[in-house]
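Quick note on numbering: the sequence shown equals residues 1 to 259 in full-length UniProt numbering.
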Amino acid sequence: MAFDRLLTIMDELRAQCPWDRKQTMDSLRHLTIEETYELSDAILEKDMNEIRKELGDIQLHLVFYAKIASESTTESSDRFDMADVLTSVCEKLISRHPHIYGDTVAETEEQVKANWEQLKLKEGNKSVLGGVPSSLPALVKAMRIQEKARGAGFDWEEKQQVWEKVEEEMQEFKAEFNTDTNELIDTERAEGEFGDLLFSLVNYARFIDINPETALERTNKKFIKRFTYLEQKARANGKSLNDMTLAEMDVYWNEAKTI
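If you want it as structure tokens, here you go:
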């Protein structure tokens, strides 16, 4: 009943509200991305009330896209509505879980992932990596690439091997610098080695069940909170950060670390 109510409201807004009438899939796209990041923030903060709100906002966007698609004036084969969307995902879930709805045996998570990737290839994907969106942020993309490669059986056997690769990449990155003057020898080569180092660190994080995107974002948030405290304390004491020494700022920074 709640979902039907949302669909009804969407129909009414699309018919009567000037803003809603004007929207297209292209105009909604950046708003949907923003809502997704807001949901991500709420999840990281473990704020269940905000998670509920953001899930509602994203659900509204999904309904909005389906409504726009149902109004398409192009070929009828291009038109679809919310029922088509839900039917499609249900059929996909059933077909990709043959260990639940068929005779395939998959007793571990890794077996499920491997079956999933093989089924996607049978459905028409030309590459295991073909399903990784090109517009994903680089850190998330690295993680997804590695996960999909593992699903195809291309992966390290032990985490120690991965850590050795991290150390190897660190040395190769370090070799691009003059250790006496710390001057960059070749920016392009150093950037390439730094990328290899990051990729290997993401790989190791995956082996020890750490999500690198979540880990980095938590560090970002921690830094923001501590730096904001530093600014507030400096302001309360009539000081400007530009006029303070690093040693003076470190006093407030260390205070922030204890809070």
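Ideal Cβ positions, reconstructed from N, Cα and C, are used throughout, including at glycine.
Restricted to the region 148-225, the alpha helix (DSSP H) segments that are unbroken, complete and at least 4 residues in length are 159-174, 187-207, listed in chain order. DSSP, reduced to helix, strand and coil, places Ser40 within a helical segment of the structure shown. The beta carbon of Ile100 is closer than 6 Å to none in its chain, skipping five residues each way along the sequence. When C-beta atoms of the region 63-74 are compared with those of the region 5-16, three or more pairs fall below 8 Å, so the two segments count as touching. Going by beta carbons, Lys148 and Leu129 fall inside the 8 Å limit. Of the other Cβ atoms in all chains shown, 16 or more fall within 10 Å of the Cβ of Asn203; this residue is therefore buried. In this structure, Arg206 sits near Met143, with a CB-CB distance shorter than 8 Å.
Shown here, Leu136 sits in coil according to DSSP, grouped into three states, outside any helix or strand. Taken in chain order, the complete alpha helix (DSSP H) segments of 4 or more residues contained in the UniProt domain "NTP pyrophosphohydrolase MazG-like" (23-100) are 25-44, 48-70, 82-95. Taking every protein chain shown into account, the CB of Tyr252 has 16 or more other CB atoms within 10 angstroms, so this residue is buried. Secondary structure of Glu12 (DSSP, three-state): helix. Per the Cβ contact rule, the region 27-42 is in contact with the region 53-65 (3 or more Cβ pairs under 8 Å).
Distances from the CA of Ile208 to each of Val162, Tyr229, Glu193 were compared; the closest alpha carbon is that of Val162.
Here the region 76-86 does not lie against the region 114-127, with fewer than 3 beta-carbon pairs under 8 Å apart. For Asp20, the closest alpha carbon among the candidates Glu231, Val63, Met48 is that of Val63. For Thr258, the secondary structure class from DSSP, reduced to helix, strand or coil, is helix. DSSP places Met244 outside both helix and strand once states are collapsed to three, so it counts as coil.
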